[in-house]
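No gaps in the numbering here: position 48 of the sequence shown is 48 in the UniProt record's numbering, and each next residue is one more.
Even for Gly, the Cβ is constructed at its ideal location relative to N, Cα and C.
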Amino acid sequence: MVETLNSNKSITSDTLTNNELKDTLDGVISLINKKITELTAETDSCIEFEWHNQFETDIQQLGSIKLNRQTNISPTRTFSPQVKPVLPDYKAIQMPIVYCCKTSSDKKAPGELNFPGSITVHYQTGNIYITDMDNNRVQVFSCNGDYLFMFSENMYGPRGICISHNKVFVSQRYGNCINSYELEGKLIKSVGSGGTGEAKFYNPRGLDVSARNNNVYVCDYDNKRVQILTQELKFHSMLGIGSFNHPRDVKVTRDKVLVLDYNDPFMFVSNSDHILTNRLITRYDGKQTSYPYCFDIDGDYNIVMSDYNNHCVYIFNQEGEQIHKFRENG
1 MVETLNSNKS ITSDTLTNNE LKDTLDGVIS LINKKITELT AETDSCIEFE WHNQFETDIQ
61 QLGSIKLNRQ TNISPTRTFS PQVKPVLPDY KAIQMPIVYC CKTSSDKKAP GELNFPGSIT
121 VHYQTGNIYI TDMDNNRVQV FSCNGDYLFM FSENMYGPRG ICISHNKVFV SQRYGNCINS
181 YELEGKLIKS VGSGGTGEAK FYNPRGLDVS ARNNNVYVCD YDNKRVQILT QELKFHSMLG
241 IGSFNHPRDV KVTRDKVLVL DYNDPFMFVS NSDHILTNRL ITRYDGKQTS YPYCFDIDGD
301 YNIVMSDYNN HCVYIFNQEG EQIHKFRENG
């Protein structure tokens, strides 16, 4: 791909006239530009982009796409999947287990939990953040389950938790407010109090942050709605009024909002106009869910849901079909 220009004598102003020197340099520049054009054309016809199928990318399959001059598309554009993703064989997968607590009679010592409410992971460090609700604190563990530190400023029954842009957002069940913290636990801001108005809460629970607009979605449990706040915790809007019974947990993707409700465990909500569109994995349709408590989305877009009364974890695909169940009472 690279040609070497050879000459038996150096090109200097002593051996060439100005015109000859100019012609020679123009020829060298022309050859270089030609090679650049050839290399660019060859590369441009076969540029390959790969994604690691992370949920926020909204690309539902692991693979690559080739671009050329005629495609007229950008690698940052959201592509619709051409085929359904291959579901992992959960029966064959050895699920890693990390224990993040010790036990004692009072459950108050560092590293011990008393009614853990929710859990999230800071993906840059792998640290695990757990709301220790009845101890009014958040405890932080390493990815191996080793206790690191805790924070408790302005904590009143911390329930839901999520991390976005190196901020930790925590819902306060008894304080009826939402707090934001630095990763090390320093309080940034707190908003809310008991009530039914804007940025007022009764028993807030699960919450999540939209990667699309950075808004914070909060399950306002006893007000039977989901409130949407900005990243700075200012009121933005509401959804689900008159439709939810008791929303417990919420997860936000680029094109929908999934809400775990007490009666209808999942509802899809449009991000553009916040209209409830359909229900998924309802409790009474033979899927044997008894007390769905919280959920998350795995790397293959499957829904991983804990069931409080059945003492197990269910895994559903995007269509709401159960593909696996693991653990049992004991």
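Query, Result
"Which value, in whole angstroms, describes the spacing of the CA atoms of S180 and Q318?", "31 angstroms"
"Can you check the segment 290-320 for any beta strand (DSSP E) of at least 3 residues that lies completely inside it and give the ranges in chain order?", "292-297, 303-307, 312-316"
"In angstroms with no decimal places, state the Cα-to-Cα distance between N33 and R212.", "41 angstroms"
"Any idea if N176 is buried or exposed, counting beta-carbon neighbours within 10 angstroms, 16 or more meaning buried?", "buried"
"In the structure shown, what three-state DSSP assignment does E232 receive?", "coil"
"Could you pull out every residue in the same chain whose Cβ sits closer than 6 angstroms to the Cβ of G185, ignoring the five residues on either side in sequence?", "F151"
"With a cut-off of 8 angstroms on the beta carbons, I'd call I178 and G157 a contact; round off their distance for me.", "About 13 angstroms; that fails the 8 angstroms criterion."
"Check whether the segment 215-224 and the segment 234-246 touch, using three or more Cβ-Cβ pairs below 8 angstroms as the test.", "yes"
"Would you list the residues sitting across from M267 in a DSSP beta bridge?", "V259, R279"
"Taking 8 angstroms as the limit between beta carbons, can you name the residues of its chain near V259, skipping five residues before and five after?", "C219, V226, G240, F244, P247, D249, V250, F266, M267, V269"
"Between C312, S290, F316, which has its C-alpha nearest D298's C-alpha?", "F316"
"Could you compute how far the alpha carbon of S104 sits from the alpha carbon of L113?", "9 angstroms"
"Taking its Cβ as the centre, do 16 or more other Cβ atoms sit within 10 Å of S80, making it buried, or is it exposed?", "Since pLDDT at S80 reaches only 37, below the 50 mark, its modelled position is unreliable, and no value is offered."
"Pick from R137, D273, P204: whose alpha carbon is nearest that of G195?", "P204"
"Please list the terminal residues of the continuous beta strand (DSSP E) segment that includes C177.", "177-182"
"Compare the Cα-Cα distances from D132 to each of Y123, S118, G126 and report the closest residue.", "S118"
"Within the same chain, show all residues whose beta-carbon is closer than 7 angstroms to that of Y314, passing over the 5 residues directly before and after it, in chain order.", "T289, M305, D307, Q322, K325"
"I'd like the list of long-range same chain contacts for N263, defined as Cβ closer than 6 angstroms, with 5 residues on each side in sequence excluded.", "N245"
"Smallest Cα separation from M155: which of N166, N135, L148, S164?", "N135"
"Starting from Y123, trace the beta strand (DSSP E) both ways and give me its first and last residue.", "No beta strand (DSSP E) holds Y123; DSSP gives it neither H nor E."
"Quick check on this structure: which residue in K108, Y99, R137 has the alpha carbon closest to the alpha carbon of E153?", "R137"
"Nearest CA to the CA of N309: which residue from C294, I303, N302, Y301?", "C294"
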